[in-house]
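Q: The sequence shown begins at 3 in the working numbering and counts up by one. We treat Cβ as the ideally placed atom computed from N, Cα and C, and that holds for glycine. All figures in this text were calculated on a predicted structure; none of them were measured in a lab. Structure in structure tokens, see below.
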Amino acid sequence: MRITADAPLVHCNTLRLPARAEWCASVGTPAELAEALAFARSRALPVCVLGGGSNVVLRERIPGCVLLMRMQGEDVLEHGDAVVRLRVAAGTCWHDFVLACHARGWYGLENLALIPGTVGAAPVQNIGAYGVELAAFVEEVGAVDRATGERCTFTRADCCFAYRHSIFKGELAERTVITDVTFRLPLDAAVQADYPALRAALDGAADPTPAEVLRAVLAIRRQRLPDPQRLPNVGSFFHNPVLERARFESLRTRHPDVVHWADGERVKLAAAWLVEQAGGKAMREGAARVHERQALVLVNDGDATATEVLELARRIAAAVAARFGVELRIEPAIYG
Ligand SMILES: Cc1cc2nc3c(=O)[nH]c(=O)nc-3n(C[C@H](O)[C@H](O)[C@H](O)COP(=O)(O)OP(=O)(O)OC[C@H]3O[C@@H](n4cnc5c(N)ncnc54)[C@H](O)[C@@H]3O)c2cc1C
């Protein structure tokens, strides 16, 4: 394995920001991971882990050692009558994995198709889409402690999964490298098709099959979301804010149209609606702008910098706070 100094990262992040890493290693095996962590430890360098770079904002220079997670492969641990359990390496492409499971009759992940990035990053923010979250299918997450190089495992309960959150974004942020994820997938074809946009795309099908759900999810995403290969972006830039019910009711008296849905005892607001109402769609900062169809997606029109992207995000959040008194939180991790 080569550990390169002053390495360009423009092709390692889907916003195509022109960052450079002080040091960079492409990690394809557990031995290479151990070697890269030992290198960082020997020079007291901070470690930054990247999968597909589809949920990060990289500033100009990333200090320390960037690890590009490229470990591949899977082990089927159990193929029972009702479930299959399999361990998948962190560098595996998430979308390819979803398609491969579906093709083998291992169901459940269809709603999460076309989410860019790697299997190893999926637990970090508990990826979710169209009414399904990764957490439902995780049995265990395997990781290595960045400081000691020791292997550790986390059960689903240990992971503290929540909306776009887990222990890997909280208490253990920047402390582990996820090396593998063990999934438990059902073999029956029960699907989750209640999400309104998905239900609409399924055109009222009474009992949709996993294949129909997959087709609908692919169609919705291709129609609604800009392809980062053509128009660099990191998907939703802001979380949907979650409010206590009393605070929501007070907001609703002032803004009766506020788009929302129940989230247990609390209420989740549609961040895209808030941004749109606050005039976000017209905002631009240098080559960074808000996507014309998706108010939550900030795109790079060519030579945007991290400073421009983050300034644009700050202005949007300020406009939403001024109009609604609601705080927007940024979803991607910011490095450098
Ligand atoms: C067009 C588009 C649509 C998207 N749609 C969705 C969506 O519907 N739902 C959703 O939840 N997300 C969505 N995302 C966000 C993103 O795809 C996911 O968060 C994805 O899991 C990020 O994977 P990645 O490999 O690119 O991670 P990266 O961007 O490389 O990293 C993200 C974070 O995870 C950490 N990380 C990555 N790999 C590891 C590892 N092996 N060990 C420890 N830490 C690690 C990084 O340090 C960083 O903090 C979308 C993004 C885009 C561009």
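#1: DSSP state of Thr307, grouped into three classes?
#2: Roughly how many whole angstroms lie between the Cα atoms of Thr144 and Val183?
#3: When you compare only the Cα positions, how much space is there between Ala38 and Leu52?
#4: Which ranges would you report for the alpha helix (DSSP H) in the stretch 158-234 if only whole runs of at least 4 residues count?
#5: My output table needs one value for Leu88: the three-state DSSP class, helix, strand or coil.
#6: If you check the beta carbons only, do Ala290 and Glu310 fall under 7 Å apart?
#7: Taking only the alpha-carbon atoms, compute the straight-line gap between Ala221 and Val78 and give it to the nearest angstrom.
#8: With C-beta atoms as the reference, is Ala203 less than 7 Å away from Ala218?
#9: Is Ile180 near ligand 1, judged by its Cβ being under 6 Å from some heavy atom?
#10: Ignore the nearest five residues each way along the sequence and tell me which others in Phe139's own chain have a CB closer than 7 Å to its CB.
#11: Should Ala131 be labelled buried (16 or more other beta-carbon atoms within 10 Å of its own) or exposed?
#12: Here's the rule: buried if 16 or more other CB atoms are within 10 angstroms of the residue's CB, otherwise exposed. What is His241?
#13: Do the stretch 190-206 and the stretch 155-164 touch if we need at least three Cβ pairs shorter than 8 Å?
#14: Thinking just about the alpha-carbon of each residue, which of Val100, Leu227, Ala315, Ala46 is nearest to the one in Val215?
#15: Where Phe163 and Ala115 are concerned, what is the direct C-alpha to C-alpha distance, given to the nearest angstrom?
#16: Cβ of Asn57 within 6 Å of any heavy atom in ligand 2?
#17: Counting contacts by CB-CB distance shorter than 7 Å, is Glu135 in contact with chain C?
#18: Cβ of Met71 within 6 Å of any heavy atom in ligand 1?
#19: Could you tell me which residues DSSP puts in a beta bridge with Arg1?
#20: Heavy atom of ligand 1 less than 6 Å from the Cβ of Cys227, yes or no?
#21: Nearest CA to the CA of Leu88: which residue from Val121, Leu69, Leu11, Ser56?
#22: Check for me: the beta strand (DSSP E) holding Trp25 runs from which residue to which?
#23: Less than 6 Å between the CB of Gln74 and some heavy atom of ligand 1, yes or no?
#24: Which residues in the same chain as Pro212 place their Cβ atom closer than 6 Å to its Cβ, once the five residues preceding and following it in sequence are excluded?
#25: By a C-beta neighbour count over all protein chains shown, 10 Å radius and 16 as the cutoff for buried, is Thr150 buried or exposed?
#26: Quick one: what's Gln245 bridged to in DSSP?
#27: Determine the contact status of Arg72 and Gly30, defining contact as a CB-CB distance below 7 Å.
#28: Does Arg18 pass the burial test, meaning 16 or more other C-beta atoms within 10 Å, or should it be called exposed?
#29: My output table needs one value for Ile318: the three-state DSSP class, helix, strand or coil.
#30: Output yes or no for whether 7 Å exceeds the beta carbon distance between Ala27 and Leu11.
#31: So, helix, strand or coil for Thr255, using DSSP?
#32: Kindly examine ligand 1 and report whether one of its heavy atoms sits closer than 6 Å to the Cβ of Gln194.
#33: Of the residues Val277, Leu312, Arg316, Ala306, which one's Cα is nearest the Cα of Ala297?
#34: Would you say the beta carbon of Gln231 comes nearer than 6 Å to a heavy atom of ligand 1?
A: In short:
#1: coil
#2: It should be noted that the sequence gives Gly, not Thr, for residue 144. Distance between the alpha carbons of Gly144 and Val183 is about 6 Å.
#3: 13 Å
#4: Counting whole runs of 4 or more residues, the stretch 158-234 contains the alpha helix (DSSP H) stretches 198-203, 212-226.
#5: In this structure, Leu88 counts as strand in the three-state DSSP scheme.
#6: yes
#7: 30 Å
#8: yes
#9: yes
#10: Gly110, Leu111, Phe185, Arg186, Leu187
#11: buried
#12: buried
#13: The stretch 190-206 is not in contact with the stretch 155-164.
#14: Val100
#15: 20 Å
#16: This structure does not include ligand 2; its bound ligands are ligand 1.
#17: The structure shown has no chain C; it contains just one protein chain.
#18: yes
#19: No statement about residue 1 is possible, as the shown extent of the chain runs from 3 to 338 and does not include it.
#20: Correcting the residue identity first, residue 227 is Leu in this sequence and not Cys. True, at least one ligand heavy atom lies under 6 Å from that Cβ.
#21: Val121
#22: 22-29
#23: no
#24: Within the same chain, Cβ atoms closer than 6 Å to the Cβ of Pro212 are found at Tyr109, Glu112, Ala191, Val193, the five residues on either side in sequence being excluded.
#25: Exposed, because fewer than 16 other Cβ atoms sit within 10 Å of the Cβ of Thr150.
#26: The question names Gln, yet the displayed sequence has Leu at residue 245. Answer by DSSP bridge pairing, in chain order: Val269.
#27: yes
#28: buried
#29: helix
#30: no
#31: helix
#32: no
#33: Val277
#34: no
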